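**Q** Per the working numbering, the sequence shown starts with residue 2, numbered consecutively.
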Amino acid sequence: MTTLTEERVSDVRRRVTNAEQNAATRHGGFADAIHFSFDRLRAGLEQAHTTCGRVDNTDWASYVTSLDRGLDELDRELAHAADAPTAQGRLLVHASKLELAGWRLRFSLPGAGDAEGVRDRLSAAESEVDAYASGSSSPEAVRSHLDALRAP
């Protein structure tokens, strides 16, 4: 018997994997970058959603709708990428924002603790993604902030 958390994580994994496969098919020239970004996204969301069974059904449905919308938007952004570096940048920004939304949901739950300063790391990661999107940061800095957020 699976738990609600396992069902939800499996559903998110399926949605991300389907979006990855569709994007790689439609944008074959960027397939390596797509697979790299979606692998990181899938891993980050699986970690962020370890407590998703505690999210009420309405909030979860809203989150999943937002995730689907974000995955669709990411695909549309790739259609406008003229080259691999542009595609990689767009993937990094959009996939990072999708992962951060998963973390934000987790730490918005009533009673979610912050003993390790996770909320500060989450805010720092969000700021770093915005800085990268505006041209004042690097992919390495964004990934470093996401990795710090994922650290136990």
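Where is the CB? At the ideal position from N, CA and C, for every residue including glycine. Model, not experiment: these values are computed from the prediction.
Rounded to whole angstroms, what is the Cα-Cα separation between Phe-108 and Gly-71?
**A** The sequence position of residue 108 within the sequence shown is 107, counting from 1. The sequence position of residue 71 within the sequence shown is 70, counting from 1. In a straight line, the C-alpha of Phe-108 is about 20 angstroms away from that of Gly-71.
**Q** CA-CA distance, Gln-48 and Arg-151?
**A** The residue given as residue 48 occupies position 47 in the sequence shown. The residue given as residue 151 occupies position 150 in the sequence shown. The straight-line gap from Cα to Cα measures roughly 7 angstroms.
**Q** In whole angstroms, what separates the C-alpha of Leu-105 from that of Val-94?
**A** By 1-based counting over the sequence shown, the position of residue 105 is 104. By 1-based counting over the sequence shown, the position of residue 94 is 93. Inspection of the sequence shows that residue 105 is occupied by Arg rather than by Leu. Their backbone Cα atoms lie some 16 angstroms apart in a straight line.
**Q** DSSP three-state call for Asp-12: helix, strand or coil?
**A** Reading the sequence shown from its first residue, position 11 is the one you call residue 12. In this structure, Asp-12 counts as helix in the three-state DSSP scheme.
**Q** Does the pairing of the region 69-85 with the region 121-134 give three or more beta-carbon distances under 8 angstroms?
**A** No contact exists between the region 69-85 and the region 121-134.
**Q** Looking at the structure shown, is Val-143 part of a helix, part of a strand, or coil, going by DSSP?
**A** As a working note, residue 143 is residue 142 in the sequence shown. Looking at Val-143 - three-state DSSP - the assignment turns out to be helix.
**Q** What number of angstroms, rounded off, separates the C-alpha of Gln-91 from the C-alpha of Glu-78?
**A** Sequence index remark: in the sequence shown, residue 91 carries index 90 (1-based). Sequence index remark: in the sequence shown, residue 78 carries index 77 (1-based). Residue identity differs from the one stated: residue 91 is Arg in this sequence, not Gln. If you take the alpha carbons of Arg-91 and Glu-78, they lie about 7 angstroms apart.
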